[in-house]
Amino acid sequence: MPDPTSPAPVLARLSSDASCLHQALRALPADRGASALAAHITDAQDLADTALRLFLTLSPRTSRPTPADLLLLHHVTQIAKAAQDAAAELTAALARAVENQRRQAAAASRRIVLIGPTPQQYIESDADLLDRIPALCHAVSHDRPEASCR
Numbered sequence: 042m043p044d045p046t047s048p049a050p051v052l053a054r055l056s057s058d059a060s061c062l063h064q065a066l067r068a069l070p071a072d073r074g075a076s077a078l079a080a081h082i083t084d085a086q087d088l089a090d091t092a093l094r095l096f097l098t099l100s101p102r103t104s105r106p107t108p109a110d111l112l113l114l115h116h117v118t119q120i121a122k123a124a125q126d127a128a129a130e131l132t133a134a135l136a137r138a139v140e141n142q143r144r145q146a147a148a149a150s151r152r153i154v155l156i157g158p159t160p161q162q163y164i165e166s167d168a169d170l171l172d173r174i175p176a177l178c179h180a181v182s183h184d185r186p187e188a189s190c191r
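In our numbering, the protein residues as written are 42 to 191.
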């Protein structure tokens, strides 16, 4: 029977899900719709939720956590932060895409000027954030071989 307090299966899922989301974002066509971005936002938020639930599961294990326990918790919080930051970047991409569409629709006959990062730049930033999650999972497996991600 697997250990219910072992982070390995959750870390493996986080790593896999982050990689899948990263690939999905890289494969998004240039004419992506707002609904596709919204779906990816919820995926990134699900990653953060999973990491935070893992934190809640692991944090009360001992009243006096060891340095290894604290390092594990630190990595889990960094995973949650990367996922939340990724969701925020995707939300910014969605907001920019909708704003650009609104401006283009309002300016049917004149030239419009779009300022700030493009939605694609936000998505690229998001992909970089998602790349951190498997790396953090790998760091956990390096620090705690029993919590291997792979």
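For every residue, glycine included, the Cβ atom is placed at its ideal position computed from N, Cα and C.
Only a predicted model underlies this, so the values are computations on that prediction, with no experimental measurement involved.
Here L55 is buried, its C-beta having at least 16 other C-beta atoms within 10 Å. The beta carbons of S166 and E130 sit closer together than 7 Å. With a beta-carbon spacing of about 13 Å, L88 and A53 fall beyond the 8 Å limit used to define contacts. Judged by DSSP in its simplified three-state form, A68 adopts coil rather than helix or strand. Three or more beta-carbon pairs drawn from the stretch 74-90 and the stretch 111-126 are found closer than 8 Å, and the two stretches are therefore classed as touching.
Under the three-state reduction of DSSP output, T91 falls in the helix class.
Comparing alpha-carbon positions, the option among D84, A136, A138 and S47 lying closest to Q64 turns out to be D84. In the same chain as A79, and ignoring 5 residues on each side of it, the C-beta atoms closer than 8 Å to its own belong to L135, in chain order.
Each residue's CA atom was taken as its position, placing A75 and C61 some 19 Å apart. The alpha-carbon of A149 is positioned some 14 Å away from that of L155.
For the options A49, L177 and S57, the alpha carbon positioned closest to that of T118 is the one of L177.
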